[in-house]
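Asker: Position one of the sequence shown corresponds to residue 83 (my numbering), numbered consecutively onward. Glycine included, each C-beta is placed from N, C-alpha and C at the ideal position. Here the structure is a predicted model, which means the values were calculated and not measured.
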Amino acid sequence: MDDDTLFREIHQHILTQAKEGRRIDTENELAERFGVTRYKVRKALSVLSQMGVVDRAPKRGMTVNTLGPKNLSAQIQVQMDIANFDIREFIEARLLIEVHIIPLAIRRMTPALLGKLDEAICHIEYYAGNAKEADRWDREFHLLLLEACGNRVLQVFSAALVTYFEKTSSALPKNNPQFFLNIARTERALLNAIRRGDEELAKRLLRDHLSEQVDLLTP
83 MDDDTLFREI
93 HQHILTQAKE
103 GRRIDTENEL
113 AERFGVTRYK
123 VRKALSVLSQ
133 MGVVDRAPKR
143 GMTVNTLGPK
153 NLSAQIQVQM
163 DIANFDIREF
173 IEARLLIEVH
183 IIPLAIRRMT
193 PALLGKLDEA
203 ICHIEYYAGN
213 AKEADRWDRE
223 FHLLLLEACG
233 NRVLQVFSAA
243 LVTYFEKTSS
253 ALPKNNPQFF
263 LNIARTERAL
273 LNAIRRGDEE
283 LAKRLLRDHL
293 SEQVDLLTP
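#1: Which of the three DSSP states, helix, strand or coil, is assigned to THR268?
#2: Use the C-beta contact count for CYS204: other C-beta atoms within 10 angstroms, 16 or more gives buried, fewer gives exposed.
#3: Would you decide whether SER240 is buried or exposed? Buried here means 16 or more other CB atoms lie within 10 Å of its CB.
#4: Kindly indicate the opening and closing residues of the beta strand (DSSP E) around GLY143.
#5: For GLN237 and LEU283, I'd like the C-alpha separation in whole angstroms.
#6: Give the DSSP bridge partners of ASP137, in chain order.
#7: To the nearest angstrom, how far is the alpha carbon of ARG90 from that of SER128?
#8: Quick check: the region 210-219 against the region 259-268, are at least 3 beta-carbon pairs closer than 8 Å?
#9: Buried or exposed, going by whether 16 or more other CB atoms sit within 10 Å of the CB of GLU248?
#10: Which of the three DSSP states is assigned to LEU298 in this structure?
#11: How is TYR208 classed by DSSP in three states: helix, strand or coil?
#12: For GLU180 and SER293, I'd like the C-alpha separation in whole angstroms.
#13: Kindly give me the distance between the Cβ atoms of ASP107 and ILE96, rounded to whole angstroms, as I take these residues to be in contact under 8 Å.
#14: If we ignore side chains and look at the alpha-carbon of each, how far apart do ILE206 and PHE167 end up?
#15: Output the boundary residues of the alpha helix (DSSP H) element that contains GLU222.
#16: Would you call ASP137 buried or exposed, if buried means 16 or more other Cβ atoms sit within 10 Å of its Cβ?
Set out below in structure tokens:
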């Protein structure tokens, strides 16, 4: 059994045990059940722990956590990593989802979220010379937009897509503050369109902003 298959089967097995109210198997029991070494089981459980699916503690054993949106997004991202989708598919999915949540985001936007979006743009400008930090705040801007839509199902799937782009940071221009200042300018125009309730302009700005990543991140 390869590692990916083992991971999926252990994941499903312990979720089934938790759903049925049964005790969660120990490492030894899982190794025996699936006919693998404890080392392989431990690797799978370590990933599940990082995802927030399980909580492991000495002497207390293992428990399955109640899954909130962040944990669900982390699980989806792990499955995306395993599937090894093409970067263009990620960008296409972001375009389809993020652009079309704009009307919801405009209707449900709060003053507090508007302030956070503005703050994220200010951080992009401040860290324009630091690609890693500026990129982190760019992702935060998009995650806040998703939060504004108020639909948790969309948030879960979209957050997994947005967070994936942390893996593409190395492809971003280095020592080029103007690149991130241009991003900040576009996002400020987007934010202003959202404030005015101009759905079509906001959708066009976001679509153009995301489409630029196709040429940047693909050969």
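Answerer: To lay it out plainly:
#1: In the sequence shown, the residue the question calls residue 268 occupies position 186. Three-state result, THR268: helix.
#2: Sequence index remark: in the sequence shown, residue 204 carries index 122 (1-based). So CYS204 ends up on the exposed side.
#3: By one-based count along the sequence shown, residue 240 stands at place 158. So SER240 ends up on the buried side.
#4: Against the sequence shown, residue 143 aligns to sequence position 61. That run of the beta strand (DSSP E) goes 143-146.
#5: Looking up residue 237 in the sequence shown gives position 155. Looking up residue 283 in the sequence shown gives position 201. When rounded, the distance between both Cα atoms is 22 Å.
#6: Walking along the sequence shown from the start, residue 137 turns up at place 55. Its beta-bridge partners are THR145.
#7: Taking the first residue of the sequence shown as 1, we reach residue 90 at position 8. Taking the first residue of the sequence shown as 1, we reach residue 128 at position 46. When rounded, the distance between both Cα atoms is 13 Å.
#8: Output reads yes: the region 210-219 touches the region 259-268.
#9: Walking along the sequence shown from the start, residue 248 turns up at place 166. Answer is exposed; the Cβ neighbour count stays below 16.
#10: Locating residue 298 in the sequence shown gives position 216, counting from the first residue. Here LEU298 sits in helix by DSSP.
#11: Locating residue 208 in the sequence shown gives position 126, where the first residue counts as 1. TYR208: helix per DSSP, three-state reduction.
#12: Counting from one through the sequence shown, the residue named residue 180 turns up at place 98. Counting from one through the sequence shown, the residue named residue 293 turns up at place 211. So the two alpha carbons sit approximately 12 Å from each other.
#13: In the sequence shown, residue 107 corresponds to position 25, counting from 1. In the sequence shown, residue 96 corresponds to position 14, counting from 1. So it is a contact: roughly 7 Å between Cβ atoms.
#14: For the purposes of this step, residue 206 is taken as residue 124 along the sequence shown, with counting starting at 1. For the purposes of this step, residue 167 is taken as residue 85 along the sequence shown, with counting starting at 1. So the alpha carbons of these two residues sit roughly 28 Å apart.
#15: The residue you call residue 222 lines up with position 140 of the sequence shown. Start and end: 213-231.
#16: To locate residue 137, count along the sequence shown from 1; it is residue 55. By the 10 Å Cβ count, ASP137 comes out exposed.
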